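Residue 141 in the working numbering sits at position 141 of the sequence shown, and the numbers go up by one each step.
What follows is a set of notes on a single structure, which appears directly below.
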Amino acid sequence: MVLPGLFRTCPVTGLRVHLPTQRLIIANFVMALLSIVIGGIAAIFVGFSRGSTILVKDPEQYYIWLTAHGFNMLIFWILWFEVALVYFVSTVLLNTSIYSSRIGWLAFTLMLIGWLVVNVTVFTGNATVMFTAYPPMAAHPLFYLGYILFALGVFVALILFFLTLYKARVEGTYKGHLPLVTWGAAIAAIIGLTVVTHGAVALLTTFVWRLGLVESIDVMFYRWFFWGLGHNAQYVNVTAMVAVWYALLTLATGYTAARFVNERYARIAFALYTLFVVPGIGHHILVDPGFSVYLKQASGSVGSHFLSVPSMLHALALLGGLEATLRAAGHTGLFGWLAKIPWRNPGVAGLLLSMLLFGIGGVIAQPQTTLQPNLLFHNTMWVPAHFHLTVVGGTTLAFMALSYYVVPLLTLRRLISTRLATIQVYTAFIGILILAISMAILGWLGSPRRTLVLPELMKPEWWGPATLLVVGAAIWIASGALWVVLMLFTVLAGRRSTDPGELTSGLISAIIVKEGAKTSKMGSLVIVIIFLVVIMLALYFYSFLRLGFQPPFW
Numbered sequence: 001m002v003l004p005g006l007f008r009t010c011p012v013t014g015l016r017v018h019l020p021t022q023r024l025i026i027a028n029f030v031m032a033l034l035s036i037v038i039g040g041i042a043a044i045f046v047g048f049s050r051g052s053t054i055l056v057k058d059p060e061q062y063y064i065w066l067t068a069h070g071f072n073m074l075i076f077w078i079l080w081f082e083v084a085l086v087y088f089v090s091t092v093l094l095n096t097s098i099y100s101s102r103i104g105w106l107a108f109t110l111m112l113i114g115w116l117v118v119n120v121t122v123f124t125g126n127a128t129v130m131f132t133a134y135p136p137m138a139a140h141p142l143f144y145l146g147y148i149l150f151a152l153g154v155f156v157a158l159i160l161f162f163l164t165l166y167k168a169r170v171e172g173t174y175k176g177h178l179p180l181v182t183w184g185a186a187i188a189a190i191i192g193l194t195v196v197t198h199g200a201v202a203l204l205t206t207f208v209w210r211l212g213l214v215e216s217i218d219v220m221f222y223r224w225f226f227w228g229l230g231h232n233a234q235y236v237n238v239t240a241m242v243a244v245w246y247a248l249l250t251l252a253t254g255y256t257a258a259r260f261v262n263e264r265y266a267r268i269a270f271a272l273y274t275l276f277v278v279p280g281i282g283h284h285i286l287v288d289p290g291f292s293v294y295l296k297q298a299s300g301s302v303g304s305h306f307l308s309v310p311s312m313l314h315a316l317a318l319l320g321g322l323e324a325t326l327r328a329a330g331h332t333g334l335f336g337w338l339a340k341i342p343w344r345n346p347g348v349a350g351l352l353l354s355m356l357l358f359g360i361g362g363v364i365a366q367p368q369t370t371l372q373p374n375l376l377f378h379n380t381m382w383v384p385a386h387f388h389l390t391v392v393g394g395t396t397l398a399f400m401a402l403s404y405y406v407v408p409l410l411t412l413r414r415l416i417s418t419r420l421a422t423i424q425v426y427t428a429f430i431g432i433l434i435l436a437i438s439m440a441i442l443g444w445l446g447s448p449r450r451t452l453v454l455p456e457l458m459k460p461e462w463w464g465p466a467t468l469l470v471v472g473a474a475i476w477i478a479s480g481a482l483w484v485v486l487m488l489f490t491v492l493a494g495r496r497s498t499d500p501g502e503l504t505s506g507l508i509s510a511i512i513v514k515e516g517a518k519t520s521k522m523g524s525l526v527i528v529i530i531f532l533v534v535i536m537l538a539l540y541f542y543s544f545l546r547l548g549f550q551p552p553f554w
């Protein structure tokens, strides 16, 4: 149903959708889709070359693919999707139009130009500097210009998001507090502003250096501000991912489970991210000699450890909300409710498997956040094991699962296959788990990261996990390709419908609850304590023990 003034009413949610904003959301989503395709193709060459199957023997070509993979996956795919997300939650959920479509398209144009320039310079061999682009490694000046333009576009999009929130508040299009998902996106956007600020300092100074306007650049200065971009950007991802988790819990259970989530508790947990993100930058420079030990310990260790707190609080809130829902439906036992979870629902499966992968990634990150154990893991394959679990297994899987709901609602086309969507979620989980465990084992055995390890240079003990790495990469890439196919076929060939039941067929698992039933969350508390406290502390403690058995290096 189309309302006067370029609005239509969503037949499923009853919310108003502003059509010009819808086009803007879809455009950003399409660019996210294109970025993950490019990043996925690059992953084939990187992953298979790091395993027992060597696709690339020329180091120059390998680092081109590695740089392209890093930028398209860690920066472009994630940020294009997140811009689409903030537009959606600030307009559709608040029953309003975007503050200015023109500003939205300006942001899109800046991001598009930056995206094109960065990819062209990388694939032509003019920016083989990898994701971190540490000086004195130097790229063509256009690479830094493209990076800056993309960041500027994101900055404009974030300002537009806040202006839209202000517009909705002034117009009174919603009552009370911001919806929880919008609140989470707002926290992510606040962190995003710190990302752009740090990035502007790092990239502008490097750009000036590459133009020849200054003779040199302070390497430590660059590294600190770059990780203000790189580290904080990952917590934009984390915060947006958690907001998506709450959306999935709500959508996949037909709004039932949302009743059992303590919103005040969740809002506080979101806000805690803003307190600890900037102080946690230092764990990326723990082995750099140019920074004082006091700064490293305060920022890299204490600040980073505090960042675990809000994530554990959200894990308890989400898992506890689902547990309380199932207990209210009559399921009992400390862990008996786990068997009653609708595991065949792609949204529920995507939510829980994303949480599990993110949790494992958080656990193996802990030894990296303390100066002494970090010496064992720094610049080994342990590091990409961590961020593949958190960014790929956590954030990307959550975003993919959400798309199975949002794309049909925006296009009014039924998802082409709910069964294939569920298969895609599980194969993504299996693939990235095998990939990351293989990386972690390689890191434990001392295999370096970001290095083309040719067969003649591989230690005998590396061959087993390296072969598993290829298997995991192949499964994940196939799963990612399946997601892309499902999205394209849904948009291009999905059955058009305005019937709520048909649009959400197989996507909602209604849970019938009994009023007044007991809703204990004890099972979730035990799981969080065992998984994120006991296991994490055990790994942390063992890392110190292992360090003690290392031979002296002087």
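Each residue gets a CB set at the ideal place from its N, CA and C atoms; glycine is no exception.
Remember, predicted model here, so these are calculated numbers, not experimental data.
When we look at the beta-carbon of G494 and count the other beta-carbons within 10 Å, is it buried (16 or more) or exposed?
Counted from its first residue, the sequence shown places residue 494 at position 494. Counting Cβ neighbours within 10 Å, G494 comes out buried, since at least 16 surround it.
Given W245, which residues of its chain have a CB within under 8 Å of its CB, disregarding the five upstream and five downstream residues?
Within the sequence shown, the letter at position 245 stands for residue 245. If we look at W245 and ignore the five residues flanking it on each side, its Cβ neighbours are H314, L318, L351, S354, M355, A398.
Could you work out which residue in I187, A349, A339 is closest to P310 when comparing CA atoms only?
Position 310 of the sequence shown, counted from the first residue, corresponds to residue 310. For the residues I187, A349, A339, the minimum Cα distance to P310 belongs to I187.
What three-state label does DSSP hand V129 in the structure shown?
By one-based count along the sequence shown, residue 129 stands at place 129. The answer is coil: DSSP assigns V129 none of H, G, I, E or B.
Are the region 343-350 and the region 512-529 in contact at 8 Å, needing three or more beta carbon pairs?
Output reads no: the region 512-529 does not touch the region 343-350.
Give the C-beta separation of T239 and Y273 to the nearest angstrom, bearing in mind that I take them to be a contact with Cβ-Cβ under 8 Å.
What you label residue 239 is simply residue 239 of the sequence shown in a count that begins at 1. What you label residue 273 is simply residue 273 of the sequence shown in a count that begins at 1. Between Y273 and T239 the Cβ distance is about 5 Å, and since that is below 8 Å, they are a contact.
Would the beta-carbon of W444 fall within 8 Å of that of W382?
In the sequence shown, the residue the question calls residue 444 occupies position 444. In the sequence shown, the residue the question calls residue 382 occupies position 382. Contact flag set, yes.
Cα separation between V2 and Q22?
For the purposes of this step, residue 2 is taken as the residue at position 2 of the sequence shown. For the purposes of this step, residue 22 is taken as the residue at position 22 of the sequence shown. With a pLDDT of 44 at V2, under the threshold of 50, the predicted position of this residue should be treated as unreliable, and no value is reported.
Is the beta carbon of G464 closer than 8 Å to that of I432?
The residue labelled residue 432 in the question sits at position 432 within the sequence shown. The residue labelled residue 464 in the question sits at position 464 within the sequence shown. No. Outside cutoff.
Provide the residue span of the beta strand (DSSP E) that contains R16, from first to last.
The residue labelled residue 16 in the question sits at position 16 within the sequence shown. Element bounds for R16: 16-18.
Helix, strand or coil: which one does DSSP assign to P455?
Position 455 of the sequence shown, counted from the first residue, corresponds to residue 455. Of the three classes helix, strand and coil, the one that applies to P455 here is helix, per DSSP.
Could you tell me the alpha carbon to alpha carbon distance between P582 and M220, rounded to whole angstroms?
Nothing about residue 582 can be read from this structure; the chain reaches only from 1 to 554.
Closest Cβ-Cβ distance between P136 and chain B: below 8 Å?
Any reference to chain B falls outside this structure, which holds one protein chain only.
Answer yes or no: do A266 and L203 have a C-beta to C-beta separation smaller than 8 Å?
Walking along the sequence shown from the start, residue 266 turns up at place 266. Walking along the sequence shown from the start, residue 203 turns up at place 203. Against a cut-off of 8 Å, the Cβ pair of L203 and A266 comes out as no contact.
Quick check: the Cα distance between P408 and L112, rounded to an integer number of angstroms?
For the purposes of this step, residue 408 is taken as residue 408 along the sequence shown, with counting starting at 1. For the purposes of this step, residue 112 is taken as residue 112 along the sequence shown, with counting starting at 1. Approximately 25 Å between the Cα atoms of the pair.
Thinking C-alpha only, which one of A428, E515, V363 is nearest M536?
The residue you call residue 536 lines up with position 536 of the sequence shown. It is V363.
Could you please give me the residues that DSSP links to R413 through a beta bridge?
The residue you call residue 413 lines up with position 413 of the sequence shown. Per DSSP, R496.
Where does T182 sit, in a helix, a strand or coil, going by DSSP?
Along the sequence shown, read from residue 1 onward, the residue named residue 182 stands at position 182. In this structure, T182 counts as helix in the three-state DSSP scheme.
Suppose you measure from the CA of A107 to the CA of V83; what does that come to, to the nearest Å?
The sequence position of residue 107 within the sequence shown is 107, counting from 1. The sequence position of residue 83 within the sequence shown is 83, counting from 1. Those two C-alpha atoms are separated by around 10 Å.
Near N95, which residues of its chain fall below 8 Å by C-beta distance, leaving aside the five closest residues on each side in sequence?
For this step, residue 95 is matched to residue 95 along the sequence shown. Closer than 8 Å at the Cβ level, and outside the excluded window around N95, lie L15, R16, A168, T173, Y174.
Classify E60 as buried or exposed, calling it buried when 16 or more other Cβ atoms lie within 10 Å of its own Cβ.
Reading the sequence shown from its first residue, position 60 is the one you call residue 60. Burial call: exposed.
Taking the C-alpha atoms as reference points, what is the distance between G303 and V86?
Locating residue 303 in the sequence shown gives position 303, where the first residue counts as 1. Locating residue 86 in the sequence shown gives position 86, where the first residue counts as 1. Spanning the two alpha carbons is a distance of roughly 27 Å.
In the structure shown, what three-state DSSP assignment does F7 receive?
Here residue 7 refers to the residue found at position 7 of the sequence shown. If DSSP states are grouped into helix, strand and coil, F7 belongs with the strands.
Let me check understanding here. Comparing Cα to Cα, which of R496, T396, V406, I512 lies closest to R414?
As a position in the sequence shown, residue 414 is number 414, starting the count at 1. Here the closest residue by C-alpha is R496.
Excluding the five sequence neighbours on either side, which residues of its own chain have a C-beta within less than 7 Å of the C-beta of F276, listed in chain order?
On the sequence shown, residue 276 is found 276 positions in, with the first residue counted as 1. Around F276: G303, F306, L307.
Would you call the region 145-157 and the region 88-102 in contact, with 3 or more CB pairs under 8 Å?
The region 145-157, when compared against the region 88-102, does not touch it at the 8 Å Cβ threshold.
Suppose you measure from the CA of K459 to the CA of L452; what does that come to, to the nearest Å?
Translated into positions along the sequence shown, residue 459 becomes position 459. Translated into positions along the sequence shown, residue 452 becomes position 452. In a straight line, the C-alpha of K459 is about 14 Å away from that of L452.
Could you pull the DSSP bridge partners for T380 from this structure?
Taking the sequence shown and counting its residues from 1, one reaches residue 380 at position 380. Paired residue(s): P448.
Spatial neighbours of I508 within its chain, please: CB distance less than 6 Å, with the 5 preceding and 5 following residues excluded, ordered by chain position.
The residue you call residue 508 lines up with position 508 of the sequence shown. Cβ neighbours of I508 beyond the five flanking positions: G254.
For the alpha helix (DSSP H) containing Y273, list its first residue and its last residue.
Numbered from 1 along the sequence shown, position 273 holds the residue referred to as residue 273. Segment 263-276, the alpha helix (DSSP H) holding Y273.
Taking the C-alpha atoms as reference points, what is the distance between V30 and D218?
The sequence position of residue 30 within the sequence shown is 30, counting from 1. The sequence position of residue 218 within the sequence shown is 218, counting from 1. The straight-line gap from Cα to Cα measures roughly 38 Å.
Quick check: what's the CA-CA separation for L326 versus A233?
Reading the sequence shown from its first residue, position 326 is the one you call residue 326. Reading the sequence shown from its first residue, position 233 is the one you call residue 233. Approximately 35 Å between the Cα atoms of the pair.
Once the 5 residues before and after F335 are set aside, which same chain residues still bring their CB inside 7 Å of it?
Here residue 335 refers to the residue found at position 335 of the sequence shown. Result list for F335: G523, in chain order.
Would you mind stating whether N72 and A27 have Cβ atoms separated by less than 8 Å?
Walking along the sequence shown from the start, residue 72 turns up at place 72. Walking along the sequence shown from the start, residue 27 turns up at place 27. Result no, Cβ atoms of N72 and A27 do not sit closer than 8 Å.
Identify the continuous alpha helix (DSSP H) that holds K514 and give its terminal residues.
Position 514 of the sequence shown holds residue 514. Careful: K514 lies outside any alpha helix (DSSP H) and carries neither H nor E.
For Y166 and A269, what's the separation of their Cα atoms in angstroms?
Position 166 of the sequence shown, counting from 1, holds the residue named residue 166. Position 269 of the sequence shown, counting from 1, holds the residue named residue 269. So the two alpha carbons sit approximately 23 Å from each other.
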